[in-house]
Every structure is written in C-alpha cells, then in structure tokens.
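Input: a single structure, listed below in structure tokens.
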Amino acid sequence: MQSNRTVAKHQPEEKSLVRKPGRPKRIETPLEKLRKEFARLLGGIEKLKKEAQEREVRLGEIRRRIQNEIKPLLSEVMEMRLEMNALLERKLADKSFSRREKRTLIDLLFYNCDILEGL
C-alpha cells in the first residue's frame, strides 16, 4: 500500500492566486524592441565612422611616406636604368661580342626601355 507522501509528491503544485511581492515582470512592446534595435544600429554607425576616420589618418601617413621615401627611390632607379641603357648602347658597338651575346644585350636594352616608358 502506498503512503500519502508518495502520492503527494507526484501531484502538480497549485499556483497561488495571491501575488508575491517583488519586481513585476516587464513585457517588452514592439516599439521598445524597435528602439533597442535602432540604438544598436546607431552604435554600429558611430563605430564605423570612427574606423573611417582612423583609416583616413593612416592613408594620409601612407601618402606622406610614399611622397617622402618611395618617389625619391623610384627616381634614383630610373636614373640608374638610363645609365645602364647608355652603357648597353656603348657595348653594342663593341665588336668583341658574339651575335648571341648582342641579342641578349638588345633584349635587356628593350626591357629597360619598356620599364622606363611605364614610369
């Protein structure tokens, strides 16, 4: 025979009709949900604006560096290629080179000319 205790354990508890003191449960309205979403999106926009400003600062630094460091180096390389072309032209007149070696010198001369045209 079962005791009353085991039977009582399996019965569901009845909900009390008396409200217990405490915080009332807040129900979110659709308008509140939209406001939260709007605030979240505004925060994202502000973050993207800040990132864009940081990128603009970095781009300015990169442009300055190109102007101050890379362009002078490119000018120097171009001058060296011009000198090399002049030297190759002088060597082509030299009769000590074989036909194959002269072809190689001409190829190198044309290659340098193509590069100089691109700059």
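To convert, count from 1 in the sequence shown and add 801; that's my numbering.
Every residue, glycine too, gets a C-beta built ideally from N, C-alpha and C.
- request: Express the C-alpha separation of F839 and L849 in angstroms, rounding to a whole number.
  value: Your numbering for residue 849 matches position 48 in the sequence shown. Your numbering for residue 839 matches position 38 in the sequence shown. Distance from the CA atom of L849 to the CA atom of F839, rounded to whole angstroms, is 15 angstroms.
- prompt: So does the stretch 873 to 892 actually touch the stretch 904 to 919, counting three or more Cβ pairs closer than 8 angstroms?
  reply: Yes, the stretch 873 to 892 is in contact with the stretch 904 to 919.
- request: Pull up the distance between the alpha-carbon of L835 and that of E829, whole angstroms please.
  value: Within the sequence shown, the letter at position 34 stands for residue 835. Within the sequence shown, the letter at position 28 stands for residue 829. So the two alpha carbons sit approximately 10 angstroms from each other.
task: Quick one: grab the DSSP three-state call for K896.
output: Within the sequence shown, residue 896 is the residue found at index 95, counting from 1. Residue state, collapsed to three classes: coil.
- prompt: Taking Cβ positions, are L893 and K903 nearer each other than 9 angstroms?
  reply: Working through the sequence shown from its first residue, we reach residue 893 at position 92. Working through the sequence shown from its first residue, we reach residue 903 at position 102. One thing to note: L893 has its Cβ within 9 angstroms of the Cβ of K903.
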